[in-house]
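Only one structure is covered here, and it is reproduced in the block below.
There are 2 protein chains.
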Amino acid sequence: MASPQNHRTLSLLLLISLLSFTPSQSLSPENHLLLPSNRKLGKDDQLFCESWRFSVETNDAGIWSTIPSRCFDFVKNYITGDHYLLDSKIVAEDELEFAKSVNVSGDGKDAWVFDVDETLLFNIPYYETHGYGSEIFNEESFDEYMLLGKSPPLSASLSLYQELQRLGFTIFILTGRSEPFRNATEANLRLAGYNNWERLILRGPSDKSKLAVEYKSEKRKELVDEGYRIRGNSGDQWSDLLGYAIAQRSFKLPNPMYYIA
Amino acid sequence: MASPQNHRTLSLLLLISLLSFTPSQSLSPENHLLLPSNRKLGKDDQLFCESWRFSVETNDAGIWSTIPSRCFDFVKNYITGDHYLLDSKIVAEDELEFAKSVNVSGDGKDAWVFDVDETLLFNIPYYETHGYGSEIFNEESFDEYMLLGKSPPLSASLSLYQELQRLGFTIFILTGRSEPFRNATEANLRLAGYNNWERLILRGPSDKSKLAVEYKSEKRKELVDEGYRIRGNSGDQWSDLLGYAIAQRSFKLPNPMYYIA
Chain A
11 MASPQNHRTL
21 SLLLLISLLS
31 FTPSQSLSPE
41 NHLLLPSNRK
51 LGKDDQLFCE
61 SWRFSVETND
71 AGIWSTIPSR
81 CFDFVKNYIT
91 GDHYLLDSKI
101 VAEDELEFAK
111 SVNVSGDGKD
121 AWVFDVDETL
131 LFNIPYYETH
141 GYGSEIFNEE
151 SFDEYMLLGK
161 SPPLSASLSL
171 YQELQRLGFT
181 IFILTGRSEP
191 FRNATEANLR
201 LAGYNNWERL
211 ILRGPSDKSK
221 LAVEYKSEKR
231 KELVDEGYRI
241 RGNSGDQWSD
251 LLGYAIAQRS
261 FKLPNPMYYI
271 A
Chain B
11 MASPQNHRTL
21 SLLLLISLLS
31 FTPSQSLSPE
41 NHLLLPSNRK
51 LGKDDQLFCE
61 SWRFSVETND
71 AGIWSTIPSR
81 CFDFVKNYIT
91 GDHYLLDSKI
101 VAEDELEFAK
111 SVNVSGDGKD
121 AWVFDVDETL
131 LFNIPYYETH
141 GYGSEIFNEE
151 SFDEYMLLGK
161 SPPLSASLSL
171 YQELQRLGFT
181 IFILTGRSEP
191 FRNATEANLR
201 LAGYNNWERL
211 ILRGPSDKSK
221 LAVEYKSEKR
231 KELVDEGYRI
241 RGNSGDQWSD
251 LLGYAIAQRS
261 FKLPNPMYYI
271 A
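Residue numbers (the working numbering), protein chains in the order written: chain A, 11 to 271; chain B, 11 to 271.
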């Protein structure tokens, strides 16, 4: 269970943090010297990148490590503009419509599973200084970033999360982040407005070598074995959703910046 | 097995048919009197419809019956313009890249499963006179259309199909169409350029009441039980791909016009 300690301090931090959540704030242009310029996308690139995005969002592309270099501006515009927010909002509407159709019982066993990164939290302060998926993922720098605990919420997910709680769902947060990041992750989630989850599940030492899809399936299976009915599952990666012990309905949030197997 | 009979007649038919495959040919504007006009899409509609398309192509939207009325022009433009063809082409490239990575054995058991409608065949002559998914699906008129057997191939799928055969895959065609349409479907497939499939599987009388995802899973399971290794599976509906006896890699082709559970 989430503990209520330091609530006042966190509220203050939340206020400070919200003021600093402007995506442009931590943008340092010098990091982008080697990246494509901010030119207007040509029609060919736009069409190609839209089709590329289709292929990654449907999982057709399979494993990939960086976005195509010609799609840098496309992905940046998508992530920092209205498009990403609206895509997330429409998915959240789908989720809420389904959630309202569930006959939530009073036994607390109707569960909803959320991923963290690019699902509850939006790591824009990191990716805007790391090329929006155009750079090979650097674990060390992302670890440092996580410890800061300053990711804003994905706004559509925050509203959905609160609405699901009102509807009586029990919330599990299942992340690929590992145990050393528990405190920073908890603090960041609270700062971003998330509270009263049932359990925050992180990778333990024995999960280290597992693929995300394997680790997450195992953890969902444990919930099912405890008697939970996993009604909904929200994640930006197919590895959050597929495998086994699959939810009654799974919801793929947009993320054209990176892929986790 | 596909029989080689009437090969010459079919070649002639193919030629005639290719000449009549121009999408605009069977467009009858009077059918569209009740539909939105061909106005330019406003920015709001464009953004909304792009997000709506994300939600249906990722299966987030769940079951839906018709496209949103404000997205008629959007879907029409998508289907009849470059976008649909390019999306299909990029998916076919993903498929081919995977197929080339498979160590195809000489035992003929490396299989690839294709759906028919909006996968091997492109039913544009039907949908351009039936509102591109804006009208409730009319089984009777689609049955009549199928009997004509005049759907063109989806070009990216035809190239892929031929390449997969060169690579040594055994091709199964698994369609939601029912047995009474076997002859028309076979003829249409040949006319469109498809040949030498191992088996064309249609819904038998006992499959009638089954959901597509159930029927298709059962049929894939039968292939697995016969010793086939289903390497790839291509379909425009998630119900072509999910369930059980899932392929090693599944490929979701675009289709924003209709949904089959």
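Don't be surprised by glycine CBs; every beta carbon is placed ideally from N, CA and C.
From a predicted model like this one, the values you see are computed outputs, not experimental measurements.
Asked, Found
"Looking at the strands, I want to know which residues DSSP matches up with Asp-127 (chain B).", "B:Leu-131"
"So, is Ile-181 (chain B) buried or exposed, given that buried needs 16 or more other C-beta atoms within 10 angstroms?", "buried"
"Under three-state DSSP, which class holds Gly-141 (chain B)?", "helix"
"Quick one: is Ala-257 (chain B) near chain A, going by C-beta distance under 8 Å?", "no"
"Are the Cβ atoms of Thr-68 (chain A) and Val-126 (chain A) separated by less than 8 Å?", "no"
"Shortest alpha-carbon distance to Asp-282 (chain A) belongs to which of A:Leu-252, A:Gly-186, A:Ala-71 and A:Val-66?", "Limits of chain A in this structure are 11 at one end and 271 at the other, which puts residue 282 (chain A) out of reach."
"Can you tell me whether Ala-271 (chain A) is buried or exposed, with buried defined as 16 or more other CB within 10 angstroms of its CB?", "exposed"
"According to the neighbour-count rule (16 or more other Cβ atoms, all chains shown, within 10 Å of its Cβ), is Ser-161 (chain B) buried or exposed?", "buried"
"Near Glu-286 (chain A), what residues of its chain come up, given a Cβ to Cβ distance below 8 Å and the 5 sequence neighbours on each side ignored?", "Given that chain A is displayed from residue 11 to residue 271, the structure contains no residue 286 (chain A) and the question cannot be resolved."
"Leaving out five residues before and five after Asp-97 (chain A) in sequence, what residues of the same chain have Cβ atoms less than 6 Å from its Cβ?", "Pro-264"
"Give the residues from the stretch 212–225 of chain A that approach chain B closer than 9 Å (Cβ to any Cβ), ordered along the chain.", "none"
"Roughly how many angstroms separate the alpha carbons of Pro-266 (chain A) and Asn-205 (chain B), rounded to a whole number?", "37 Å"
"Name the chain B residues that come within less than 8 Å of Glu-67 (chain A), Cβ to Cβ?", "Phe-64, Glu-67 and Thr-68"
"Can you tell which of B:Leu-177, B:Ser-167, B:Arg-200 and B:Tyr-225 has its C-alpha closest to the C-alpha of Ser-188 (chain B)?", "B:Tyr-225"
"On a Cα-Cα basis, can you pick out the residue from B:Gly-91, B:Glu-60, B:His-93 and B:Asp-92 that is closest to Ile-77 (chain B)?", "B:Glu-60"
"Kindly indicate if chain B contains any beta-carbon less than 8 Å away from that of Lys-231 (chain A).", "no"
"Are the C-beta atoms of Glu-138 (chain A) and some chain B residue less than 8 Å apart?", "no"
"DSSP on Ala-197 (chain B), reduced to helix/strand/coil?", "helix"
"Going by the DSSP bridge assignment, what does Ser-188 (chain A) pair with across the sheet?", "A:Arg-213"
"With 16 as the cutoff for other CB atoms within 10 Å, does Asn-243 (chain B) come out buried or exposed?", "buried"
"Who are the Cβ neighbours of Asn-198 (chain A) in its own chain at under 6 Å, not counting the five residues just before and after it?", "Gly-159 and Ser-161"
"Taking only beta-carbon positions, decide if Ala-109 (chain A) is within less than 8 Å of chain B.", "no"
"Have a look at Gln-258 (chain A) and Arg-209 (chain A) and give me their C-alpha separation to the nearest angstrom.", "20 Å"
"Where do the ends of the alpha helix (DSSP H) carrying Lys-229 (chain A) lie?", "222–235"
"In the DSSP assignment, find the unbroken beta strand (DSSP E) run with Asn-243 (chain A) in it and report its ends.", "239–245"
"Is Ser-75 (chain B) buried or exposed, if buried means 16 or more other CB atoms sit within 10 Å of its CB?", "exposed"
"Within 10 Å of its beta-carbon, does Ser-260 (chain B) have 16 or more other beta-carbons around it, so buried, or fewer, so exposed?", "buried"
"Where DSSP assigns a beta bridge to Arg-259 (chain B), which residues make up the other side?", "B:Gly-242"
"Looking at the structure shown, is Trp-248 (chain B) part of a helix, part of a strand, or coil, going by DSSP?", "helix"
"Going by DSSP, name the residue or residues bridged to Thr-180 (chain A).", "A:Ala-121"
"Who are the neighbours of Val-101 (chain B) on chain E, taking C-beta pairs under 9 Å?", "Note that chain E does not occur in the displayed structure, where the protein chains are A and B."
"Report, in whole angstroms, the separation of the C-beta atoms of Ala-166 (chain A) and Ala-102 (chain A), which I expect to be a contact under 8 Å.", "4 Å"
"So, do the stretch 82–94 of chain B and the stretch 226–239 of chain B have three or more beta carbon pairs nearer to each other than 8 Å?", "no"
"By alpha-carbon positions, which one of A:Val-66, A:Gly-72 and A:Phe-82 ends up nearest to Leu-51 (chain A)?", "A:Phe-82"
"Distance cutoff 8 Å, beta carbons only. Does Asp-125 (chain B) sit that close to anything in chain A?", "no"
"Tell me Pro-162 (chain A)'s beta-bridge partners as DSSP assigns them.", "Partner(s): none; Pro-162 (chain A) has no beta bridge."
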